[in-house]
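I have placed the structure first, in the form of structure tokens, so that the comments after it can refer back to it.
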Amino acid sequence: MSAMFLSGKRKVSVTINNPKMNNQEKYNIAYRMTSRASTGLSFIEDYLSEHPSTDPAYLRSIYILLSYNAELILKSRVVMKDNFLNKDKVDKKLKALLHNIEKIGEDIGNIELLKLGINTITKNGNRYILTITGDKEIYIEDFADIRYDFIEGKIRTIDDQEHERIKGYVDQLLSILQKAKKENEFKKNDKEISSLSKD
6 MSAMFLSGKR KVSVTINNPK MNNQEKYNIA YRMTSRASTG LSFIEDYLSE
56 HPSTDPAYLR SIYILLSYNA ELILKSRVVM KDNFLNKDKV DKKLKALLHN
106 IEKIGEDIGN IELLKLGINT ITKNGNRYIL TITGDKEIYI EDFADIRYDF
156 IEGKIRTIDD QEHERIKGYV DQLLSILQKA KKENEFKKND KEISSLSKD
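Numbering (my numbering), first residue to last: 6 to 204.
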């Protein structure tokens, strides 16, 4: 941004640079998010392999972890896609999106979602449906609902295929994670752009 100042009888043009986070700074945050998601999904994968059961008590914890890690993956793209003045602005933006996977997807945009292999994100009741490449679907429980469903006394119906379905969701989320990491890396090395997030 340029500004004109009077110095005696002369006009002096001064360029004022708006400070903003560069791509490397944003990448450092996004990297921590995807690393945490990678650890979380690997934990679920290992746990499911060692405990081939459909017991509702432990599956509820798995649902919570799936929701949390899916959110981290998608929000890492928000961090890299948008432009921020500082970390406080990043924090404010991520908190404003809450745990709403559909809203996070809208913020990312359809083109960027397709790069992750995600065609659509819709909400159906208390869960989100991610339609991915190959017309497959990932069901992600609403993070708030799954944590506080005891208030309504909700009982979740689980069939004998639930265990295998969750394993499939983990595999698909790991694939999305790898694509997100690749896109984040690409953005890190991309040219800086000048617009700033006003949030």
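We put the CB at the ideal spot given by N, CA and C, even for glycine.
Alpha helix (DSSP H) segment containing residue i, residue limits
i: asparagine 189; result: 167-193
i: lysine 31; result: 28-55
Distance between residue j and residue i (C-alpha atoms, nearest Å)
i: aspartate 112; j: leucine 178; result: 19 angstroms
i: serine 66; j: aspartate 93; result: 30 angstroms
i: lysine 31; j: leucine 99; result: 13 angstroms
i: aspartate 176; j: isoleucine 143; result: 10 angstroms
i: isoleucine 134; j: serine 72; result: 11 angstroms
i: leucine 79; j: serine 40; result: 13 angstroms
i: tyrosine 174; j: alanine 75; result: 10 angstroms
i: serine 43; j: proline 24; result: 32 angstroms
i: lysine 187; j: leucine 53; result: 27 angstroms
For residue i, the nearest candidate out of the options (CA to CA)
i: alanine 101; options: Gly122, Asn115 and Val84; result: Val84
i: glutamate 167; options: Asp176, Asp60 and Ser180; result: Asp60
i: isoleucine 145; options: Asn129, Asn189 and Gly139; result: Asn129
i: phenylalanine 48; options: Ile34, Leu70 and Asn27; result: Leu70
Exposed unless 16 or more other CB atoms sit within 10 angstroms - verdict on residue i
i: arginine 37; result: exposed
i: serine 81; result: buried
i: isoleucine 116; result: exposed
Which full runs of the alpha helix (DSSP H) of 4+ residues lie inside the stretch 78-156, going along the chain? 92-101, 106-113, 115-120 and 148-153
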